[in-house]
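K.L.:
The structure that follows is given in the form of structure tokens.
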Ligand code: SF4
Ligand code: FES
């Protein structure tokens, strides 16, 4: 991800140290060179992700979430055009984001609140900010919301190509 | 960007993985977990026959699955020196949490010490001694010998009052029956230490003296009562965040109406409806919001009183209940004393109470009706009363506590299903100690002794007053000065020359110095000023017993090795006792030395047998083996028998109408309103602009000591937040994430601004006890008559220090209240 702050990188390196120290080093180097995760060589410790077309930029209206699924049909998500650039946003305006909508607490489906651009869980009231990389605003989940890495091609087709956290309800993001 | 782990695959526990009982270390609720472990070079498979869960893991699991665990529930740790995979996941079969994990407990594994994944590298692994200008590792024998020698010399010169002790009194991590017993035996039996304080308050006292004096122990009901109550009356508690799974698993179902069948079954022959809830809290919390979402606004009454006015509210409620005749006369007659006198003394009109609390008469009248108005058909309304730090650390603790218990007694709500008048709790409980009667009442105000230059040696067990005491600015200043005297003296002679070291230390102590010893699992802020630091093991690295807020006792089994040379507190206390015995004997005082016998324990279980089993009510029925067999459900204390292979417990206290007083009658107490009780509070309010209300937040409630090394938490809360009304922010030219200084005549501290439209003007709320900004710095030294601190009523001014620093720029500052999509 572009714009990762140092704290994030440190945490990532720390978690991966031991099993995949060399890999983490490579990922950090890639980030320093300004490459995005999607283009970096997949780490052997991570599963390999399909490149799935989700929609075309022309299909999206600002602040109207589109239902998607990634990396397979059993993993529901949303694709949202925010209308203003955000960290980790894709597309020419860096304003397109996609997230899993299975709450990483207990897997209840999140609902989008357009008024404040948050995903909300009816299970135990967790909230995630889609403008802040899925950061948990408040809640019971022990991770921020899994975000789908996006690539947009010359025709405006939007592809999902990776996930940055474990999706609820699976012990491997690829089943 | 928000912190992400980039973990997208986890090992699968094999069918034959080892499964052990865990009670969450962190908060009072004591949720049941299972520690699942297996050798590091193996794993199970996705087919049902290949994994512990018997589940098809090749398929997407449904919500609430018992077979899913998050990356935070996984780690690699050592078990008997060997690496194992470990998963610590919530237990569906535990009646406390029914499989729910909170944002704290569901990180138990990730917050464990691992040399493989590098988590919790802050953990202390060796005894440390101040040598050559920093803290140097040394052997247990060396460190204990120094502590024992200095302690003995100080006691010789100053008497036992020269030894000042700070020690936890609770259960869960950093406490538990094994450890409270060992420390209690050392300081209350082998010695008679008077100058002792508890982790979160500056004296050795009860936070709830009043209810105990009235004969009503503070944990008198069971969690099921929250499912059975007609009304929940909650005071100064934000239970969605601080009793999370109790709230989610037991209150919410009642507010939703899904416990109606249970109510009809357990309490037949009376009308039942979904519960209503009254929440007394000056601040609108996420708890209030969640209740409104589930019960509907009409069934939630948020009494947003003026800070510190709870007492007059309860007295008005008491008065009005009596006026309406909504009392349980037969109960008052049979089981209580002092009703008429208390009623007369506490008489307050609704008008008067409305004026002081800032509520309307109608709001108070509504609360009275929800508490006491008989139900359709005339049955007594069942109201559960529960309170926590808003009351305990609020204005006039003793009287306010009494005033609330008066209301519960008057309405016959103690010892009955759907009732109770309970504190909600912070840590779990786990208190087993010899009598503390010699401490006296009021107990010594220990912080004032330390500030006043008293005492020569300070033993600190699992406390960090630098983060969690009142008047913290002055405390830290003096503490540093006194301990620096000793540090400098120690540097003046060779570190390896024990005799010279002790002489130098004693010389500094005679000059007003203080020799400080800290037993903890992680480095602390007060520990930076200590001369010896001793590394302790935590729950799961040792077997540990505790009880939760409904007195449910469980054993957390040892599921991993403690880091390095660290060991259970009880064994540290035993080593210290033995060190003192040696020291006194060598000094030619065999009679004193003999007092330190009886510590030849090999394991924590030996301390349990010496303490709980022999001294606690029903302890004879309880053993590690039996507790292990009782799993995560355990039993509710006190135990009354061992029958059919099970420990028989006690679901509720006082069901027979007999209370903990000499005559068995609960005593009503006169508790008249007297404004702000603690010295200087009214003047502070008059002088400064902002109320600096304070409390906890979900992610770090009872886990902050480990969260200082959690990337997930540090990412969200690099600094303590201070919630402010946007209009106040505008006046001070503040933006979200800006750093501000909060200051008054007591001191100053810093916080990060969190815009909060629901905050009342000039009433802020700051995260308490956070390492990067200590709210206690601005809390005055004013206490109540029993030396209970008054953290909640603090006033200060606010000024900008810096525009949002980099670490706050990626943060969300949206409202924390859940909204329906
Ligand atoms: S609610 Fe308390 S006991 Fe339960 S998991 Fe959370 S922190 Fe642990
Ligand atoms: S499932 Fe979303 S908060 Fe629990």
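Chains as they are written, first to last, in my numbering: chain W, 46 to 220; chain D, 210 to 1030. Even glycine gets a Cβ: it sits at the ideal position worked out from N, Cα and C. These numbers were taken from a predicted model, which means no experiment stands behind them.
(1) For chain D, check one thing: does any of its Cβ atoms lie closer than 8 Å to the Cβ of residue 195 of chain W?
(2) Given the structure, does residue 185 of chain W come close to the ligand FES, in the sense that its CB is under 7 Å from one of the ligand's heavy atoms?
(3) Thinking just about the alpha-carbon of each residue, which of D:857, D:735, D:743 and D:961 is nearest to the one in residue 408 of chain D?
(4) Identify the continuous beta strand (DSSP E) that holds residue 835 of chain D and give its terminal residues.
(5) Taking C-beta to C-beta, are residue 219 of chain W and residue 92 of chain W nearer than 8 Å?
(6) Measure how close the beta-carbons of residue 979 of chain D and residue 929 of chain D come, nearest whole angstrom, since I'm counting them as under 8 Å.
(7) Could you check if residue 805 of chain D belongs to the surroundings of the ligand FES, using beta carbon to heavy atom distance under 7 Å?
(8) If you measure from each residue's Cβ to the nearest non-hydrogen atom of the ligand SF4, which ones come out under 5 Å, in chain order?
(9) So, for residue 129 of chain W: in the same chain, excluding its five sequence neighbours on each side, which residues have a beta-carbon less than 6 Å away from its beta-carbon?
(10) Measuring CA to CA, which of W:199, W:181 and W:111 is closest to residue 166 of chain W?
(11) The alpha helix (DSSP H) spanning residue 180 of chain W covers which residue range?
(12) Can you have a look at residue 263 of chain D and say buried or exposed, based on whether 16 or more other CB atoms are within 10 angstroms of its CB?
(13) Using 10 angstroms around the beta-carbon of residue 89 of chain W, count the other beta-carbons present and answer buried if the total reaches 16, otherwise exposed.
(14) Quick check on residue 955 of chain D: does DSSP put it in helix, strand or coil?
(15) I believe residue 517 of chain D touches residue 885 of chain D by the beta-carbon criterion, under 8 Å. Please report the beta-carbon distance rounded to the nearest angstrom.
(16) Short of 7 Å in beta carbon distance, which residues of its chain neighbour residue 653 of chain D, apart from the five on each side in sequence? Order them along the chain.
(17) State the DSSP-derived secondary structure class of residue 252 of chain D, mapped to helix, strand or coil.
(18) Can you determine whether any heavy atom of the ligand FES sits closer than 7 Å to the C-beta of residue 985 of chain D, and answer yes or no?
(19) CB of residue 974 of chain D to nearest heavy atom of the ligand FES: below 7 Å?
(20) Roughly how many angstroms lie between the CA atoms of residue 585 of chain D and residue 424 of chain D, to the nearest whole one?
(21) Mind checking the stretch 258-271 of chain D against chain W and listing, in chain order, the residues whose C-beta falls within less than 8 Å of any C-beta there?
(22) Considering residue 346 of chain D, what are the terminal residues of the beta strand (DSSP E) in which it resides?
(23) From residue 675 of chain D to residue 682 of chain D, what does the alpha carbon distance come to, in whole angstroms?
(24) Residue 794 of chain D to residue 644 of chain D, Cα distance in whole Å?
(25) Quick one: which chain W residues come within Cβ less than 8 Å of residue 277 of chain D?
(26) When the Cα atoms are used, what is the spatial distance from residue 1031 of chain D to residue 192 of chain W?
(27) Starting from residue 115 of chain W, find everything on chain D with Cβ-Cβ shorter than 7 Å and list it in chain order.
(28) So with Cβ pairs under 8 Å, would you call residue 83 of chain W a contact of chain D?
(29) Please confirm whether residue 225 of chain D has its beta-carbon closer than 8 Å to some beta-carbon of chain W.
(30) Is residue 527 of chain D a contact residue of the ligand FES, with contact defined as CB to any heavy atom under 7 Å?
(31) Ignoring anything shorter than 4 residues, give me the alpha helix (DSSP H) runs that lie fully in the stretch 650-688 of chain D, in order along the chain.
(32) Can you tell me which of the three DSSP states residue 932 of chain D falls into?
(33) Just to confirm before moving on: does the CB-CB distance between residue 1017 of chain D and residue 927 of chain D stay below 8 Å?
(34) Residue range of the beta strand (DSSP E) that residue 442 of chain D falls in?
(35) Using a beta-carbon distance cut-off of less than 9 Å, what residues from the stretch 158-169 of chain W approach chain D?
(36) Drop a sphere of 10 angstroms on the beta-carbon of residue 809 of chain D, count the other beta-carbons inside from all chains shown, and report buried for 16 or more, exposed for fewer.
P.N.:
Quick answer:
(1) no
(2) yes
(3) D:735
(4) Run containing residue 835 of chain D: none in the beta strand (DSSP E); it sits in the alpha helix (DSSP H), 833-839.
(5) yes
(6) 4 Å
(7) no
(8) With the criterion CB distance below 5 Å from any heavy atom of the ligand SF4, the matching residues run D:233, D:235, D:236, D:238, D:240, D:311, D:313, D:314, D:453 and D:454 along the chain.
(9) 140
(10) W:181
(11) From DSSP, residue 180 of chain W is part of no alpha helix (DSSP H) but of the beta strand (DSSP E) over 180-183.
(12) exposed
(13) Since pLDDT at residue 89 of chain W reaches only 42, below the 50 mark, its modelled position is unreliable, and no value is offered.
(14) coil
(15) 6 Å
(16) 403, 404 and 412
(17) coil
(18) no
(19) Answer for residue 974 of chain D: no, Cβ out of range of the ligand FES.
(20) 32 Å
(21) 266, 267, 268, 269, 270 and 271
(22) Annotation for residue 346 of chain D: the continuous beta strand (DSSP E) segment containing it runs 343-346.
(23) 8 Å
(24) 26 Å
(25) Result: 152, 213, 214, 215 and 216.
(26) Residue 1031 of chain D lies beyond the stretch modelled for chain D, which goes from 210 to 1030, so this question has no answer here.
(27) Within chain D, no residue comes near residue 115 of chain W; the closest Cβ sits about 12 Å away, beyond 7 Å.
(28) Confidence is the limiting factor: at residue 83 of chain W the pLDDT is only 36, short of 50, which leaves the residue's position unreliable, though a coordinate-based value still follows. So no, residue 83 of chain W is outside the interface.
(29) No, because no Cβ of chain W sits closer than 8 Å to the Cβ of residue 225 of chain D.
(30) Incorrect: residue 527 of chain D has no Cβ contact closer than 7 Å to the ligand FES.
(31) 655-660 and 674-677
(32) strand
(33) For residue 1017 of chain D and residue 927 of chain D, yes; Cβs fall inside 8 Å.
(34) Per DSSP, residue 442 of chain D belongs to the beta strand (DSSP E) from 440-444.
(35) 158, 159, 160, 161, 162, 163, 164, 165, 166, 167, 168 and 169
(36) exposed
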